[in-house]
Amino acid sequence: MSIKIFGPIFIIVLLLSGCSVQKLQQMKHARVASSYQQVDFQSLIKRYLKKEKFNSIEGIYSVSGSVTKRGKGFLGGGEKEKVTDRKENYAQVAILRDLEEGGREYLELSLDQELRPTYSVVGEFTIATNGNILLYKHFTGNKSSSYTFTTDKTADILEGVRVENEGNTTITYKLTYVKLFPK
Numbered sequence: 001m002s003i004k005i006f007g008p009i010f011i012i013v014l015l016l017s018g019c020s021v022q023k024l025q026q027m028k029h030a031r032v033a034s035s036y037q038q039v040d041f042q043s044l045i046k047r048y049l050k051k052e053k054f055n056s057i058e059g060i061y062s063v064s065g066s067v068t069k070r071g072k073g074f075l076g077g078g079e080k081e082k083v084t085d086r087k088e089n090y091a092q093v094a095i096l097r098d099l100e101e102g103g104r105e106y107l108e109l110s111l112d113q114e115l116r117p118t119y120s121v122v123g124e125f126t127i128a129t130n131g132n133i134l135l136y137k138h139f140t141g142n143k144s145s146s147y148t149f150t151t152d153k154t155a156d157i158l159e160g161v162r163v164e165n166e167g168n169t170t171i172t173y174k175l176t177y178v179k180l181f182p183k
């Protein structure tokens, strides 16, 4: 009777310890000193951005955002505006020229998670004809939302706006990108 119970318990313990052994192996490999110079992803992007000729919006940015609702007050009393959400410096992203064929000019990578084998493309930018207007598509899971961005010639600050109407309420989403590197 005890052998019948011991077998499944032994298999479960073996599987669980296998997961922890795998994690220990990953940590061991991360600590092993290499005789080669090591470069992380962010420093690789900084090296890329130091090249002689880079496009003005390419860089590493800090992202802030806000959501504002505007609508008629209770019982028809005047128009009211309220900031419902504000996040300062909630993300760090890299905007890089997309050299692949596919219709987008720039892609946006999230830099918030370190030591990853791959990085998520969270958005794409296309420059309008005059150069000061950018069309931005932000990806969230299976959905995407579009923003219109404006910038100056130095592209140190990018400001984007998306407006939605829900009945008598207007919701304005605003994103602000502040360039951290290169300056």
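In terms of the working numbering, the numbers along the sequence shown are unbroken and rise by one, the last being 183.
Glycine residues also receive a C-beta, built at the ideal position from the N, C-alpha and C atoms.
These numbers were taken from a predicted model, which means no experiment stands behind them.
>> Mapping the DSSP letters down to three states, classify S43 as helix, strand or coil.
In response: In this structure, DSSP gives S43 a helical state, which the three-state scheme calls helix.
> In this structure, does DSSP put L49 in helix, strand or coil?
Replying inline: It is helical.
>> Please return the same chain residues whose Cβ sits closer than 6 Å to the Cβ of A155, not counting the five positions on each side in sequence.
In response: Apart from sequence neighbours up to five positions away, the residues of its chain that approach A155 with a beta-carbon distance below 6 Å are S56 and I57, ordered along the chain.
> From what residue to what residue does the beta strand (DSSP E) around R162 run?
Replying inline: Start and end: I157 to E166.
> Touching or not, the region 58-69 and the region 163-182, by the rule of three or more beta carbon pairs under 8 Å?
Replying inline: At 8 Å Cβ cutoff, the stretches touch.
>> Give me, in chain order, the residues of the same chain whose beta-carbon lies closer than 7 Å to that of L49; leave out the 5 immediate sequence neighbours on both sides.
In response: Cβ contact annotation for L49 (same chain, cutoff 7 Å, sequence separation greater than five): E58, G59, F181 and P182, in chain order.
> Going by the beta-carbon positions, is the gap between T84 and K69 smaller than 8 Å?
Replying inline: Cβ distance < 8 Å, so T84 and K69 count as in contact.
> Where D152 and Y90 are concerned, what is the direct C-alpha to C-alpha distance, given to the nearest angstrom?
Replying inline: Separation of D152 and Y90 (C-alpha to C-alpha, rounded to the nearest whole angstrom) is 23 Å.
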